[in-house]
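These notes are about the structure you will find just below.
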Amino acid sequence: MTILGSRWSSRPARAGAGTDPRGGAARCLLIGQPGVGRTLFALRFAAYLQERGGGLNADGDGGQHAAMAPSPPAQQRVRVTLPGSGAALDLVDAGGLPAGIHPEAAVRAAAARSLRALLAADLCLHLADAAAVGGGAPVSAVDRALAAYAREFLPGRYALLAGKADHPLGRAGRLKLERELVPEKVIPVSAVTGTGFREVYAFLAAGTS
Amino acid sequence: MANGRLAPAEHLLARVERGEISPAEALVALSTAQGQGVAQAPARPATPAGPSPRAAAQKTTPPASTRTGPPRPPSPPSPPLSTEPAALHELRSLTGLGEVKDLIGELHAFLEVQRRRRSAGLKSEPQSLHMVFRGNPGTGKTTVARILGRLFKEAGVLEKGHMVEVERADLVGEYIGHTAQKVREQVKKAMGGVLFVDEAYSLARGGEKDFGKEAIDALVKAMEDHRHNLVLILAGYRDEMDWFVRQNPGLRSRFPIHIDFPDYTADELLRIAGRMAAERDYVLTEEARRRLLAYLETPAGRREWENGNARLIRNLLERAIRRQAVRLVREGARRREDLMLLTATDVAGAIPANPALPAGTAATTPGGQPADPVLVLRDLIAQITPARQNGRAGGMRGGGIGDHIGEQVV
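As given, the protein sequences belong to chains A and B, one line each in that order.
With the working numbering applied, the first sequence corresponds to residues -14 to 194, in that order.
With the working numbering applied, the second sequence corresponds to residues 159 to 568, in that order.
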């Protein structure tokens, strides 16, 4: 059974699955609103994995560009090998999902691609700006919709990352996100301090085992 | 595509692209479509009894009080709702400084318990909070002092919790009576907070006709007069501060808390570099980190490390960012990740080729040619001048601008 031509599986693709067009790598989607820090998190997390003995696909230029593969506009992909298990994982940094209907066609097209990637993802990391929420910003409709969708259709394969955990308002924001989104799993993270990277790795390792 | 027509999901995504619905509305609709079986969602692992996925998906913003559904697996326990002050959280997020954090954690716990004892009508222990911080430059002394001010405010020890940072020039006068006046002015600014005296040992170095000793006496008096609303922290190199305390009997009993700030390890400096870069939305590549580590392991790098620690890293990073900018303009790079990545080339360009030059001084042009000495001197002056205006030598001991020029120009 297929949706949009992509294989929909109730479990993440196993490394080495010969018929998988992704070459056996599980696909983990990093998704969230624009400006929450997905790209910074993806790059820092990929570097974290590499420091701990994981592999990183070089982009053919001596590794200087840290495996950010060419990709459709507003969507970036880095292939990592998880240290320990050696499982291959494509970490896809989806384009931001705007809160409403964006006036620019390119942004709407990128949002549609992100949703398409969500439907095809084996694992989902939903990054939300905990500092903004802690400062009084309302939890957005798109974050609610993402969390609700994941709760029902990605059980055990979704984690809410409460971003900017290093910020003074990060903790209050995380608590509010937990209350309002009721995620199965929430991990406070900070791309600045590396907070939560170990927990994210553990989540991905469990999801690819 | 199923049945020769757009699957419902693709139909919804097309509507997002056309601007007819928002991504959030599409997600809700996708949930509904899959719940109805239209999108042929696969069998999922059995979930505990609860409302149908369709019913749950139709709620876009379920209010907490009416939310039903399968019981959630318990979340990992959160830390207790904030009995931990924000300042302590900030301290714990700093790289390294393990023993400093432990000691300050103990101090905070002690203050908290004494506060509870007073609330319970019990006797509380008086505790002098004046401190001596010992360590090389760039090891976090000023940062920790600033955090302590806020921590003491949150603990109800200090009224405002701000910090005033001074050095010898701010305290020592040039004629009789001038010193006492200068000290009074700084103490007044610091009332309700922390007075941080950097390179405090220099107060005892002046000789017979120097007024440094007067400054020390005036500070001690201020500590006594305002002991309930002022914390004094004396800071400087370890050996010099030990000498300073020995030279002034009575200081040791008045400054019961001595905290050592060791040099950061190489691993800690790399983490600091990564963190400083991330704060600016930059990322060091693995090769860049290795290049930085290789520099720290050279004799010149170790000297700079001892004299600068985190400050060295900041200077190198800022220089690497400028080198990256030159490289990107030359390469015409525009991708988002290109703008964020600091490469080994950028870091190499930030490291001085001439060990006599302070870190961050360009010794070569981006093309690798020897730099114009006039430009090197201008770069050097630009780095030193802000430090000179603050009365500091940019991490180098005793260095005035004249000393630097004497060393550098050939």
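Beta carbons are placed, not taken as given, at the ideal position from N, Cα and C, and that holds for glycine.
Source: prediction; values computed, not measured.
Element boundaries [alpha helix (DSSP H), containing residue i]
{"i": "G148(A)", "result": "Counting along the chain, G148(A) falls outside any alpha helix (DSSP H), though it belongs to the beta strand (DSSP E) covering Y143 to G148."}
{"i": "F254(A)", "result": "Outside the shown range of chain A (-14 to 194) lies residue 254(A), about which nothing can therefore be said."}
{"i": "Q405(B)", "result": "R396 to Q405"}
{"i": "Q61(A)", "result": "First-last for Q61(A): Q61 to T66, but that is the beta strand (DSSP E), not the alpha helix (DSSP H)."}
{"i": "I430(B)", "result": "A424 to E437"}
{"i": "D260(B)", "result": "G256 to S277"}
{"i": "I471(B)", "result": "A468 to E489"}
{"i": "M349(B)", "result": "Where M349(B) is concerned, there is no enclosing alpha helix (DSSP H), given that its DSSP letter is neither H nor E."}
{"i": "E372(B)", "result": "G370 to D383"}
{"i": "A73(A)", "result": "Here A73(A) belongs to no alpha helix (DSSP H); instead the beta strand (DSSP E) covers A73 to D78."}
{"i": "A245(B)", "result": "A244 to S251"}
{"i": "Y359(B)", "result": "It is not in any alpha helix (DSSP H) - Y359(B) carries neither H nor E in the DSSP assignment."}
{"i": "R493(B)", "result": "No alpha helix (DSSP H) contains R493(B), which DSSP labels as neither H nor E."}
Cutoff 7 Å; reference residue i; Cβ partners in own chain excluding five residues on either side
{"i": "G296(B)", "result": "G466, N467, A468, R469, L470 and G553"}
{"i": "T218(B)", "result": "A caution first: T218(B) carries a pLDDT of 41, below 50, which makes its placement in the model too unreliable to give a value."}
{"i": "T180(A)", "result": "A150, D151, P173 and V174"}
{"i": "G319(B)", "result": "G307, R308, F310, K311 and G351"}
{"i": "L499(B)", "result": "V441 and T443"}
{"i": "L103(A)", "result": "L14, I16 and C109"}
{"i": "A435(B)", "result": "V441, L442, L475 and L500"}
{"i": "D328(B)", "result": "K340 and Q344"}
{"i": "G69(A)", "result": "A190"}
For residue i, three-class secondary structure by DSSP
{"i": "F291(B)", "result": "strand"}
{"i": "Q18(A)", "result": "coil"}
{"i": "P166(B)", "result": "helix"}
{"i": "R448(B)", "result": "helix"}
{"i": "H416(B)", "result": "strand"}
{"i": "F310(B)", "result": "helix"}
{"i": "I86(A)", "result": "coil"}
{"i": "R37(A)", "result": "coil"}
{"i": "A393(B)", "result": "strand"}
{"i": "D328(B)", "result": "helix"}
{"i": "E455(B)", "result": "coil"}
{"i": "A102(A)", "result": "helix"}
{"i": "D151(A)", "result": "coil"}
{"i": "E137(A)", "result": "helix"}
{"i": "S210(B)", "result": "With a pLDDT of only 39 at S210(B), under 50, the local geometry of the prediction cannot be trusted, and the value read off the model is given with reservation. The answer is coil: DSSP assigns S210(B) none of H, G, I, E or B."}
For residue i, the nearest candidate out of the options (CA to CA)
{"i": "V65(A)", "options": "A79(A), G38(A) and L139(A)", "result": "G38(A)"}
{"i": "I86(A)", "options": "G335(B), Q339(B) and R176(B)", "result": "R176(B)"}
{"i": "D375(B)", "options": "H386(B), A358(B) and N387(B)", "result": "A358(B)"}
{"i": "D78(A)", "options": "A84(A), R98(A) and A90(A)", "result": "R98(A)"}
{"i": "E398(B)", "options": "E382(B), D418(B) and M381(B)", "result": "D418(B)"}
{"i": "T190(B)", "options": "E163(A), A135(A), E169(A) and A190(A)", "result": "A135(A)"}
{"i": "A116(A)", "options": "A72(A), K161(A) and D128(A)", "result": "K161(A)"}
{"i": "A157(A)", "options": "L450(B), P414(B) and H247(B)", "result": "H247(B)"}
{"i": "G80(A)", "options": "F182(A), A176(A) and R23(A)", "result": "R23(A)"}
{"i": "R647(B)", "options": "R429(B), R275(B), L261(B) and E464(B)", "result": "Because chain B is modelled from 159 through 568, residue 647(B) falls outside the range shown and cannot be assessed."}
{"i": "I479(B)", "options": "I509(B), L451(B), E455(B) and T423(B)", "result": "I509(B)"}
{"i": "E325(B)", "options": "G370(B), H336(B) and E264(B)", "result": "G370(B)"}
{"i": "A167(B)", "options": "R493(B), A184(B) and E178(B)", "result": "A184(B)"}
{"i": "V92(A)", "options": "A187(A), E184(A), P19(A) and D75(A)", "result": "P19(A)"}
{"i": "V258(B)", "options": "V378(B), P420(B) and R412(B)", "result": "P420(B)"}
{"i": "A88(A)", "options": "V505(B), I179(B) and A511(B)", "result": "As written in the sequence, residue 88(A) is Pro, which differs from the Ala given in the question. When each option's Cα is compared against that of P88(A), the closest is I179(B)."}
{"i": "V63(A)", "options": "L25(A), A147(A) and V21(A)", "result": "L25(A)"}
{"i": "A105(A)", "options": "L112(A), V185(A) and D75(A)", "result": "D75(A)"}
{"i": "G263(B)", "options": "H169(B), E332(B) and A313(B)", "result": "A313(B)"}
Same chain, Cβ closer than 6 Å to residue i, neighbours up to 5 away in sequence not counted
{"i": "R304(B)", "result": "M321"}
{"i": "I415(B)", "result": "M289"}
{"i": "E426(B)", "result": "T253 and G254"}
Where the beta strand (DSSP E) containing residue i begins and where it ends
{"i": "R164(A)", "result": "From DSSP, R164(A) is part of no beta strand (DSSP E) but of the alpha helix (DSSP H) over G155 to L166."}
{"i": "L110(A)", "result": "L108 to D114"}
{"i": "A502(B)", "result": "Run containing A502(B): none in the beta strand (DSSP E); it sits in the alpha helix (DSSP H), A502 to A508."}
{"i": "I172(A)", "result": "V171 to P173"}
Residues near residue i by beta carbon distance below 8 Å, same chain, minus five either side
{"i": "P235(B)", "result": "Residue confidence for P235(B) is low, a pLDDT of 38 falling below 50, so the modelled location carries little weight; the figure read from the coordinates is stated next. Excluding positions up to five away in sequence, the list is empty."}
{"i": "Q272(B)", "result": "S282, E283 and Q285"}
{"i": "G192(A)", "result": "P(-3), A11, C13, D107, L108, G141 and R142"}
{"i": "H336(B)", "result": "F369"}
{"i": "L385(B)", "result": "For the record, residue 385(B) in the displayed sequence is Arg; it is not Leu. The answer, listed in chain order, is S286."}
If you measure beta-carbon to beta-carbon, which residues of the stretch 396 to 422 of chain B are closer than 7 Å to chain A? none
Name the residues in the stretch 492 to 513 of chain B whose C-beta lies less than 9 Å from a C-beta of chain A; which are they? R493, R494, E495, D496, M498, L499, T501, A502 and T503
Which residues, in order along the stretch 95 to 125 of chain A, keep a beta-carbon less than 7 Å from a beta-carbon of chain B? A96, A97, L100, R101 and L104
Which residues, in chain order, does the stretch 425 to 441 of chain B contribute to contact with chain A at a C-beta distance below 8 Å? Closer than 8 Å at the C-beta level to chain A, one finds these residues of the stretch 425 to 441 of chain B: R429, G432, R433, A436, E437, D439 and V441.
Can you give me, in chain order, the residues of the stretch 25 to 41 of chain A that have a beta carbon less than 7 Å from any beta carbon in chain C? Within the model displayed, chain C is absent; protein chains A and B are what it includes.
For the stretch 64 to 89 of chain A, which residues have a CB atom closer than 9 Å to at least one CB atom of chain B, in sequence order? Cβ contacts with chain B: L82, P83, A84, G85, I86, H87 and P88.
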